[in-house]
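Quick note on numbering: the sequence shown equals residues 254 to 676 in the working numbering.
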Amino acid sequence: MRRLRTRRFTLTAGRVGRLRIALAVLAGLAGCVTPGGVRPQDFPAPVPVPISPPDTPALVIDRTRVGPLALLDQHVLPGSRARLLWRTGQNYFGADLESPVLIVHGARPGPVLCLVAGVHGDEINGVETVRRVLSEARPEALAGTLIGVPVVNLFGYQRGSRYLPDRRDLNRFFPGSRSGSIASRIAHSFFNAVVRQCDALVDFHTGSFDRANLPQVRADLSRAAVRELARGFGPTVVLHSPGSRGMLRNSAVEVGIPAVTFEAGAPTRLQEDEIGTVAAAIERLMAHLGMTAPISPGLTRPDWGSDQPALFYASRWLRAEHGGLLISEVALGEQVEVGQRLGRIIDPLSDRIHEVRSNLAGRMLGMAENQQVLPGFALYHIGLDSDLRSSPDESEPETDAPEENGSDAREREVSIDPEPEDG
C-alpha cells in the first residue's frame, strides 16, 4: 500500500468497483488558528462530518502502474488524449444529441479531476475555461487524469438559455432518475456515465440574470475533504455555502466525491480576465493534487499578497426596494463599509433618486449590472466581515441599519437577504 502525498494533505485512492479519492486534512492544520481567533483567510478546525461512510476502505493508488481509462465504452491509453461523446438526449426529430467529453489521461498514476461547465446553457465563461485547460494539459507530464465536459446542458447552450426546454434548472435535479423529467434523465445519465468516475469535481458557473460574480469558489466547508479541495485553489475567494438539494456538487459529495462550484463573471458573454483567473486557479489545484509539478510562490498573483484563500463564512444580498434604473458606484472585489453609497436607483418618470447604501461591511462578491430593476431584485452580494468565523456552523451576525439621512429627494434603498443566488 502506497500513498501519494502533497505538501498540505494526503491523497488516497483505490478501486472498490471504481476509483475513489479521499482527501484528508493534515493533523493540526498548522497555522490556521491564532490565539486571537481565526483570521479571515484561515480555514476552520476540522469538523466531524465524514465525507464518506466510515466503513468505506481507503485503498491507495498503485503508483508503479497505470492502465487505460475506461469511460463511455471507450478505452484511453496512458499518456494520450481523446475526445469522447456522451449522449445527452434526443432532439425534436428523434436524433441523438451528443456532447463532447475531453480526456487527458496522464502517463503516470494520479487522481481523476473532472472539470464541468455549461450546466446552465448561458454561462459560457466556464465552457472556454474547460476547453482551454484541457487543450493546454500535457498527458506525458500529467500524473492522473483530466476529464473535461465543456457543455452539459446542450439544449440550453444551443438556445443561449439557463434552462432546459421543459423550463427546469438542471442544477436542481442531480443525481436524477432514469424515468423522470427531461432534467432528471439528463442528470441521471451524466451523473452515472461521467461523474461517478471522478475523484474530485469542479463545476463552473457565472452570475445569473445580468449579474456578475467575482471569481470565487463555493464549497461546503463543514466537509473536511471539500475544505482541502478548496484550499488547493490558492489565492482565490472561498465562500462557505452548503448549496441546495439537487446541485451537482452536493450530489457528488454525497457519494464521496469532493466537489465545489467555481463562479466567475456574468452570463451570455466571454470575459477573458475571468477565464484567465479561473484557469490559473485550476493550475494551482492540479499542482496541489500532485497532478503537475509544484507551482513556485512567485507565480501566484502578487496583488493578493498571500498564497492562501480569502475565506468568507457568511454573505448577504442587498435587494432593491424601488423600481427604476440602477447605476452602481462600486466594483467587484471592492471592500465596502457600513453606510457607504453603493449606487442609485433613478425613477425616470418622476426624476426621483433612491440611494443604495450598505448596511453591511465586507467585500463585493457579486453585483447586478446597470439595468432596469424592480423591488426585490438582488443588487449586491457582500461577503461579510465578521469575527464569527471559527466554524461554518456559527450563527451569522446581525447588522444594524445606518441612520437615514432624512432627505426627501433621496431615499435609502436596501433590503437584506441571507440567501446567495448560487449556480
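Virtual Cβ for every residue (Gly too), placed ideally from N, Cα, C.
An exposed status is given to PHE346, since fewer than 16 other beta-carbon atoms sit within 10 Å of its beta-carbon. If you draw a straight line from the Cα of PRO468 to the Cα of ASP375, it comes to about 17 Å.
Inclusion of ALA390 and ILE356 in the CB contact set at 8 Å is not warranted, their separation being larger than that value.
Sequence-distant Cβ neighbours of GLY485 in its own chain, meaning closer than 7 Å and more than five residues away, are ARG537, LEU538, HIS541, LEU542. The shortest CA-to-CA distance from HIS575 to any of ALA567, SER388, ILE598 is the one to ILE598.
For the 8 Å CB-CB criterion, GLY397 and VAL365 form a contact. The beta-carbon separation of VAL372 and VAL329, rounded to 24 Å, does not stay under the 8 Å limit for a contact. The continuous beta strand (DSSP E) containing GLN343 extends over residues 333 to 343. If you compare the alpha carbons of ILE528, GLU351, PRO488, ARG480 with that of ALA563, the shortest gap goes to PRO488. In terms of CA proximity to GLY629, LEU571 leads the group ALA584, ARG610, LEU571. Its chain contains ALA370, GLY371, PRO403, VAL404 as the residues whose beta carbon lies nearer than 7 Å to that of VAL380, once the 5 sequence neighbours on both sides are disregarded; these appear in chain order. Close CB contacts of ASN623 within its chain, under the 7 Å cut and outside five residues either way in sequence, are with LEU579, ILE580, SER581 (chain order). Around the beta-carbon of PRO601, fewer than 16 other beta-carbon atoms lie within 10 Å, marking it exposed. In the DSSP assignment, ARG569 falls within the beta strand (DSSP E) that extends over 568 to 572. The beta carbon of ASP419 sits closer than 8 Å to the beta carbons of SER434, ILE435, ALA436 from its chain, once the five residues preceding and following it are set aside; these are given in chain order. In the DSSP secondary-structure assignment, ASP456 is bridged to VAL369, THR514. The C-alpha of GLU608 is placed about 35 Å away from the C-alpha of LEU474. Under the three-state reduction of DSSP output, GLU622 falls in the coil class, being neither helix nor strand. Pairing VAL591 with PHE515 gives a Cβ-Cβ distance that is not under 8 Å. In this structure, VAL470 is the residue among VAL470, ASP452, CYS451, THR545 with its C-alpha nearest to the C-alpha of GLY460. Residue ALA532 holds the alpha-carbon nearest to the alpha-carbon of GLY401 among GLN588, ALA532, VAL479, VAL626.
Inclusion of ARG449 and HIS441 in the CB contact set at 8 Å is not warranted, their separation being larger than that value. Going by beta carbons, ALA446 and MET620 fall outside the 8 Å limit. One alpha carbon belongs to PRO495, the other to ARG438, and they sit about 24 Å apart.
Distance from ALA573 to LEU637 at the Cβ level is roughly 20 Å; contact not present, criterion being Cβ atoms closer than 8 Å.
With a 10 Å radius around the Cβ and a threshold of 16 neighbouring Cβ atoms, ASN424 comes out buried. Taken through DSSP and simplified to helix, strand or coil, ALA519 comes out as coil. Sequence-distant Cβ neighbours of GLU527 in its own chain, meaning closer than 7 Å and more than five residues away, are ASN378, PRO468, ALA517, GLY518. Boundaries of the beta strand (DSSP E) harbouring VAL609: 606 to 610, taken from the DSSP string.
CA-CA distance, ASP349 to GLY342, rounds to 6 Å.
The C-alpha of ALA534 lies about 16 Å from the C-alpha of VAL479.
Assignment of SER461 by DSSP, reduced to helix, strand and coil, places it in the coil class.
Inter-residue distance for ARG605 and ASN612 is about 22 Å (C-alpha atoms, whole angstroms).
The C-beta distance from LEU482 to ALA453 rounds to 6 Å, short enough to fall under 8 Å.
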